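Number of protein chains: 2
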Amino acid sequence: MEHPPSPFAPARFPALPPVKGVRLSSCEAGVRYAGRLDLMLAEFASDTVVGGVMTKSVTAGAPVEWNRAAISDGKARALVVNAGNANVFTGKRGRDAVEKTADAVADALSCDKNDVFVCSTGTIGEYLLEDRITAKIGGLTSTLSDSAWEDAAKAIMTTDTYPKGAVRTAEIDGVTVTLVGISKGSGMIAPDMATMLAYVMTDAVLSAEVTQNLIASGADKSFNAITVDSDTSTSDTLLLFATGQAGHAPVNGIDEERIQDFKHALDDLLVDLAHQVVKDGEGAQKFIEIQVLGAESDDAARRIGLSIGNSPLVKTAIAGEDANWGRIVMAVGKAGERADRDKLAIAIGGIQITENGEPIPGYDEDPVAAHMRGRDITMTVDVGIGNGQATVWTCDLTHGYIDINADYRT
Amino acid sequence: MEHPPSPFAPARFPALPPVKGVRLSSCEAGVRYAGRLDLMLAEFASDTVVGGVMTKSVTAGAPVEWNRAAISDGKARALVVNAGNANVFTGKRGRDAVEKTADAVADALSCDKNDVFVCSTGTIGEYLLEDRITAKIGGLTSTLSDSAWEDAAKAIMTTDTYPKGAVRTAEIDGVTVTLVGISKGSGMIAPDMATMLAYVMTDAVLSAEVTQNLIASGADKSFNAITVDSDTSTSDTLLLFATGQAGHAPVNGIDEERIQDFKHALDDLLVDLAHQVVKDGEGAQKFIEIQVLGAESDDAARRIGLSIGNSPLVKTAIAGEDANWGRIVMAVGKAGERADRDKLAIAIGGIQITENGEPIPGYDEDPVAAHMRGRDITMTVDVGIGNGQATVWTCDLTHGYIDINADYRT
């Protein structure tokens with residue numbers, strides 16, 4: 010299961026500050042992996058509210074079912090996450106495993122089990138041995154700390170090659186609030202949602218409804234705009250926990266002017282975490298930003314961007330450092346959205362290649378080829394229909410993806 | 010551009026008989042490739058009718074536009090195909106290249122240029138040097154033969170590793186009619202249509218309307234039920250030419266009892282040609298048949314099958330000979346169609362793995378693992394909703410796919 014680290018792996022995990030009302034701990038539970046952290050617990054202050062978005066898969070796992078019910082009252086007191094086994098397609102035993110885990114956490118923290126969020130990531134279709142988790146809850150509660158972000162980010166990893174975290178601050182009524190997020194990928198990454206778990210904790214004082222609206226809106230331009238392999242997980246979960254400890258007056262409406270700085274900080278944090286997921290996409294050697302302009306709507310632009318970002322022929326061309334823009338034409342053509350072939354304008358690395366449905370006279374491939382040899386690839390595609398636009402991020406499709414996925418279970 | 014031959018390549022090209030009213034010739038035109046056949050011409054008897062289906066891509070190439078117009082009156086006298094350059098995204102020059110090619114053929118065969126079908130396959134976005142083609146038309150018309158199928162099948166290849174042909178016969182009113190088809194893949198293979206060119210010639214006496222209905226109906230269960238990489242070409246074209254030379258009374262209705270044997274033969278021939286395309290899919294080492302049962306409709310079943318067949322995670326697992334059926338659960342979940350997770354039943358190689366949303370108690374992976382080590386992989390997925398069913402074919406996703414596509418143009 011050891012794979013080479015992503016070339017985008019940062020030199021070190023970012024320094025993440027405490028968030029008032031959040032304490033964390035992690036341990037080795039041996040759910041599947043041996044000799045590494047694979048279980049994390051977060052405890053939240055009373056009055057913490059939560060919002061979130063989860064996979065739309067019709068074969069979602071037992072933990073997703075549990076969390077969909079738990080989120081309905083907007084209250085949260087704890088989050089427990091294991092890596093190695095996704096507890097998906099495990100029937101009643103799987104549902105029981107979730108409930109027993111929530112019970113153990115609720116007992117240890119003296120809270121309602123319906124305020125405990127339970128996530129699992131890893132292999133599908135194997136029974137989760139929840140005893141390995143429940144046996145560790147007592148120990149985890151005794152080691153809770155307000156600074157254990159890096160271990161938490163490590164404990165939720167599967168084929169990720171580096172732990173992912175980010176921090177932003179924002180001002181609400183002159184009070185500085187903190188947002189800290191952690192996430193994991195790194196295959197089965199496609200909207201809606203990416204295969205991933207991502208948790209953002211903040212001390213801002215928000216209503217549950219505002220929390221839900223903020224995270225749903227932020228997801229669309231971040232985790233729902235990335236793709237690694239077009240596959241959608243049964244476990245995708247993005248949660249925003251707001252502990253309400255920052256001391257400003259509560260925010261009750263998403264349109265209030267006083268929440269805009271926070272909203273920007275959250276959106277920016279989510280894009281940062283989503284980019285980290287793509288940059289650690291299985292086998293990724295290049296990070297690709299696809300900007301689509303001129304579509305019928307923003308949604309149409311995003312679908313065209315994802316058609317390009319999911320195309321194996323585009324992704325292998327980029328892996329081969331080949332400026333094969335004809336495959337971009339192909340991917341626009343198959344997106345199922347309106348595009349004017351005879352106005353299509355494509356640029357790579359800022360260099361215009363086509364206009365009005367043809368290569369630009371005298372197009373010189375050399376500077377584009379030089380751009381293709383870099384780590385960060387950008388392309389802009391104007392489909393010539395309207396004003397819709399979107400940006401989508403993906404990575405290249407390499408031998409590393411095959412190596413990782415042809416031997417994932419063995 | 011040399012890649013290892015597919016392990017499914019037949020020992021030899023099948024023996025294909027003449028079809029009354031069809032003559033063929035091929036040559037090296039040097040459109041892009043040197044030292045190989047890359048141009049074919051077929052001449053059809055007067056009164057030949059044609060039906061066909063073409064790519065739905067909104068960035069379809071100039072030849073597809075030409076053929077869409079040419080097919081409207083149902084008449085055909087010739088087909089000319091070049092490999093190496095797809096003449097796509099080439100603007101007015103591309104349209105002119107098609108017309109000049111059709112003109113040259115029409116002059117040489119003394120027919121209407123609107124009865125000349127023109128197809129191109131290869132790289133997108135480069136101008137086609139039609140002079141290389143038109144200069145060869147005279148020579149091609151002087152070497153027309155009724156048995157030159159293998160050369161024709163070779164001349165239309167791009168990254169294909171073997172030429173593809175098939176034959177069937179059928180009875181209409183006691184008269185034996187012949188159907189011969191050739192096709193090429195072998196990347197950018199996804200419905201609607203597969204990236205491919207396929208031509209079927211028959212001496213049956215059919216109306217143009219019957220010909221169109223037969224080919225559209227046959228495509229749905231053959232070329233529209235295969236996928237290699239989920240990418241859809243700008244050039245996909247499937248045409249059925251009926252020369253009317255067999256001597257039976259004309260068939261004017263697709264529901265006539267006397268055409269049913271022909272219909273079955275055509276459907277079977279199309280499935281054969283489609284399978285050959287998948288078996289020569291770029292990098293293919295395994296041929297995968299996915300049967301979906303219990304869906305809301307046959308169309309829903311096909312979409313679920315394609316979701317499985319297009320999943321990079323399913324395809325890499327099969328490449329790794331890993332019976333990772335959890336990824337099939339995932340692919341069902343993301344298909345966007347109704348499925349009952351708690352009734353989902355999956356079998357691989359005829360061995361039942363899950364029932365009622367859980368692994369079967371005592372499931373033994375050994376015989377499934379043995380099946381995974383074979384060349385031909387079968388799976389059956391019952392989604393537990395209704396009576397819709399479909400069969401879809403694909404291949405595995407291997408290092409070979411990346412090798413071929415990361416250096417296609419170089």
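Protein chains in written order, with this note's numbering: chain A, 10 to 419; chain B, 10 to 419. Just so you know, even glycine gets a beta-carbon here, dropped at the ideal spot from N, CA and C. Everything numeric in this text was worked out from a predicted model, so none of it was measured.
- Cα atoms of A:His-408 and B:His-408: separation of roughly 6 Å, rounded to the nearest angstrom.
- When the beta-carbon positions are compared, B:Asn-261 and B:Glu-298 stay at least 9 Å from each other.
- Secondary structure at B:Gln-269: helix, using DSSP grouped into helix, strand and coil.
- For the set A:Tyr-208, A:Ile-142, A:Gln-361, A:Leu-406, the Cα lying nearest the Cα of A:Asp-373 is the one of A:Gln-361.
- The beta carbon of B:Ser-242 sits closer than 9 Å to some beta carbon of chain A.
- The beta-bridge partner set that DSSP reports for B:Trp-402 consists of B:Ile-235, B:Glu-298.
- The bridge partners DSSP lists for A:Tyr-208 are A:Ile-191, A:Leu-248.
- As summarised for the segment 91-139 of chain A, the continuous beta strand (DSSP E) elements at least 3 residues long and confined to that stretch are 125-132, given in chain order.
- Just so you know, the alpha carbons of A:Ala-175 and A:Phe-271 end up roughly 15 Å apart.
- For A:Cys-128, the closest C-alpha among the options A:Ser-156, A:Ser-242, A:Ser-316, A:Ile-413 is that of A:Ser-242.
- Residue-level contact check: A:Arg-336 touches chain B, since one or more beta carbons of chain B fall below 9 Å from its beta carbon.
- Residue environment: B:Gln-294 is assigned as buried (16 or more neighbouring CB atoms within 10 Å of its CB, all protein chains considered).
- Under a criterion of Cβ atoms nearer than 8 Å, the residues of chain A adjacent to B:Gly-100 are, in order, Asp-351, Asn-365, Gly-366, Glu-367.
- For the segment 360-384 of chain A, the full-length alpha helix (DSSP H) segments reaching 4 residues or more read 374-381 along the chain.
- In this structure, A:Val-301 lies near A:Thr-389, with their beta-carbon atoms less than 9 Å apart.
- Residues of the segment 265-281 of chain B with a Cβ closer than 7 Å to any Cβ of chain A: none.
- Using beta-carbon distances, B:Asn-91 does not count as an interface residue toward chain A, since no partner is under 9 Å.
- B:Gln-285 counts as buried, since no fewer than 16 other beta carbons sit within 10 angstroms of its beta carbon.
- Within its own chain, the residues whose Cβ lies closer than 6 Å to the Cβ of B:Gly-194, once the five positions on either side in sequence are excluded, are Asp-169, Met-205, Val-286, Asp-289, listed in chain order.
- With at least 16 other beta carbons inside 10 angstroms of its own, B:Asn-96 counts as buried.
- Of all residues in the segment 114-141 of chain B, only Thr-132, Ile-133, Gly-134 come within less than 7 Å of chain A when Cβ atoms are compared, listed by chain position.
- DSSP, reduced to helix, strand and coil, places A:Ala-293 outside both helices and strands of the structure shown, so it counts as coil.
- B:Leu-88 sits close to B:Leu-248, with the two beta carbons spaced by under 9 Å.
- DSSP, read as helix, strand or coil, puts A:Met-388 in strand.
- Sequence-distant Cβ neighbours of B:Glu-364 in its own chain, meaning closer than 7 Å and more than five residues away, are Ala-354.
- The DSSP-derived three-state label of A:Leu-149 is helix.
- Judged by their CB atoms, A:Lys-324 and A:Asp-245 are not nearer to each other than the 9 Å cut-off.
- The segment 28-35 of chain B and the segment 148-166 of chain B touch, with three or more beta-carbon pairs separated by less than 8 Å.
- With contacts defined as CB atoms closer than 9 Å, B:Phe-250 and B:Thr-211 qualify as a contacting pair.
- A:Ser-81 counts as exposed, since fewer than 16 other C-beta atoms from the protein chains shown sit within 10 angstroms of its C-beta.
- B:Ser-119 counts as exposed, since fewer than 16 other C-beta atoms from the protein chains shown sit within 10 angstroms of its C-beta.
- Minimum Cα-Cα distance from A:Ser-15 among the listed residues A:Val-28, A:Asn-94, A:Tyr-171, A:Arg-104 corresponds to A:Tyr-171.
- Taking a contact to require three or more Cβ pairs closer than 8 Å, the segment 107-122 of chain A and the segment 69-86 of chain A qualify as touching.
- B:Ile-337 and B:Arg-104 have their C-alpha atoms some 44 Å from each other.
- B:Asp-412 is not a Cβ neighbour of B:Gly-227, given a cutoff of 9 Å.
- Counting only the Cα atoms, B:Phe-17 lies some 21 Å from A:Ala-415.
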